[in-house]
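Using numbering that gives the first Met the number 0, you'd call the opening residue of the sequence shown number 0 and step up by one each time. We put the CB at the ideal spot given by N, CA and C, even for glycine. Notes follow once the structure below has been shown.
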Amino acid sequence: MIKDINGTVKKMTGNKYKLLVTYYNNFEERQRKQKVIEVDSTRKAYVALDEWIEELTRNGFGSLDKITLETFYKKMWMKDAESLLESRSYLDYMKIMDTRIIPTFGSMKIKSIRTFHIQNYINQAKNLKNGNELAYTTKKKILNVLSSVFNLAIDVYRIMDESPVEKVKIKRKKKEVKKVCKPYNLSEIDLFLKAVNKPKTPLDTKAFLLTAFVTGARESELAGLLESDIDFNQKKIWIHQRITKRPKFEEDDLKEEYYCAPGTKTGDELTMVVPDDYLKVMKEFILMKKKQRLTLGINSDKAYLFGNADGSFVLPTSLYRKWTRFAKRNNLRVIRLHDIRHTTASFLAADPTVPLKVIQERLGHKDIRTTMNMYTSALEESDIVASNAISNVLR
0 MIKDINGTVK
10 KMTGNKYKLL
20 VTYYNNFEER
30 QRKQKVIEVD
40 STRKAYVALD
50 EWIEELTRNG
60 FGSLDKITLE
70 TFYKKMWMKD
80 AESLLESRSY
90 LDYMKIMDTR
100 IIPTFGSMKI
110 KSIRTFHIQN
120 YINQAKNLKN
130 GNELAYTTKK
140 KILNVLSSVF
150 NLAIDVYRIM
160 DESPVEKVKI
170 KRKKKEVKKV
180 CKPYNLSEID
190 LFLKAVNKPK
200 TPLDTKAFLL
210 TAFVTGARES
220 ELAGLLESDI
230 DFNQKKIWIH
240 QRITKRPKFE
250 EDDLKEEYYC
260 APGTKTGDEL
270 TMVVPDDYLK
280 VMKEFILMKK
290 KQRLTLGINS
300 DKAYLFGNAD
310 GSFVLPTSLY
320 RKWTRFAKRN
330 NLRVIRLHDI
340 RHTTASFLAA
350 DPTVPLKVIQ
360 ERLGHKDIRT
370 TMNMYTSALE
380 ESDIVASNAI
390 SNVLR
């Protein structure tokens, strides 16, 4: 932002005065502007200086009129977006900027980029690997990234008045339907729990999948659970951190690394009551893990619940692979690990004694409408069950 604005007046010959304004721009660079005016007194020259500084301040000093998209991205967006976006989203946005947007629009002045420029790009955008047309969702993500850039230019730096992204349209192919993996229905939940509770199911797998179903936690949050997060006396579990990605620069090369971030994906911590049968399994599981570390001579004060033998965390992708292997071995419909969370939500929503507000708080939904969508899905299944019940009576 513009700061340290100073103005001076210098008397020249006759009634001419030189007005000089110095300031520091957004890049911490010292800038100066000057002009010559003709007035009949020094007092009027200072009045003119004040009016000029006010005009420059109102119009943003014109210091960013010629800034290119690449310069704005590197000197402003990267700095501001890092604090505004989730680490993983920040990394994903940077990849799209570096591989797609900067090669196309980087040399253009940000103020000169128009809707038709972006529309033409979106219409012709191809997959960088195979040259096929991009999917609707990928095009949408590119527009989201561009919106974040232009919104920053508008709201914070006042470079422009409106975003050229707003009126861009994406054509969806008639046959292009977004694939949505449905959560388990009630009968599938029964099969899932029977498979989990089979005697041959390894204790670590049983503990992991029961935790996923009982808590409805996201896979990053499951990976971030500590053994100490289960309070056996209060019969509660505390979800307060997650394993996620963040950007990492090594000799100007952008990479990524996993780390333990505080809070859930939505930022809040969760504490929920869990059933006795679940606690019984977890107590046996944690005891087994502690014995393993003792045998290996490992002393870990901060052991991750589903971590490695030395107590360190495993990646969320590792938990996902563990789940898919289990599902295939037990002939279960393979859904995403995240869809077990949706399954939990639908299961709870199908119970009329559980208030929606409780489900929202338990799952950490920021918006009650997300919980309502789960409730609608549960109602549809209950309606089918009711229809079948009536059908059985009529036979």
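Under the three-state reduction of DSSP, residue 206 is assigned to helix.
Along the length of the region 186 to 243, whole beta strand (DSSP E) runs at least 3 residues long occupy 235 to 238, reported in chain order. If you draw a straight line from the Cα of residue 199 to the Cα of residue 226, it is about 24 angstroms long.
Secondary structure of residue 246 (DSSP, three-state): strand. If you look at residue 167, you'll find it isn't in any alpha helix (DSSP H); DSSP assigns it neither H nor E. As computed with DSSP, residue 31 is found in a beta bridge with 21.
Nearest C-alpha to residue 34 among 353, 56, 129, 16: 16.
For residue 269, the uninterrupted beta strand (DSSP E) run begins and ends at 269 to 272, by DSSP. In the structure shown, residue 155 falls within a coil segment according to DSSP collapsed to helix, strand and coil. Within the same chain, and ignoring the five residues on either side of residue 196 in sequence, the residues whose Cβ sits closer than 8 angstroms to its Cβ are 205. If you draw a 10 Å sphere on the C-beta of residue 210, you find 16 or more other C-beta atoms in it, and that means buried. By DSSP's assignment, residue 5 forms a beta bridge with 21. Within a 10 Å sphere around the beta-carbon of residue 343 sit 16 or more other beta-carbons, which makes this residue buried. A straight-line Cα-Cα distance of about 25 angstroms links residue 56 and residue 107. Residues 308 of the same chain have their beta carbon placed closer than 7 angstroms to that of residue 291, with the five preceding and five following residues left out of the count.
Ranking 272, 276, 21 by CA distance to the CA of residue 51 puts 21 first. The Cβ-Cβ distance between residue 256 and residue 247 falls below 9 angstroms. Taking a 10 Å sphere around the C-beta of residue 28, we find fewer than 16 other C-beta atoms and assign the residue as exposed. Restricted to the region 300 to 377, the alpha helix (DSSP H) segments that are unbroken, complete and at least 4 residues in length are 315 to 328, 336 to 348, 355 to 362, listed in chain order. Look at the beta carbons and you see the region 94 to 112 touching the region 154 to 168: at least three pairs across the two are nearer than 8 angstroms. Put simply, the backbone Cα of residue 74 is about 37 angstroms away from that of residue 269.
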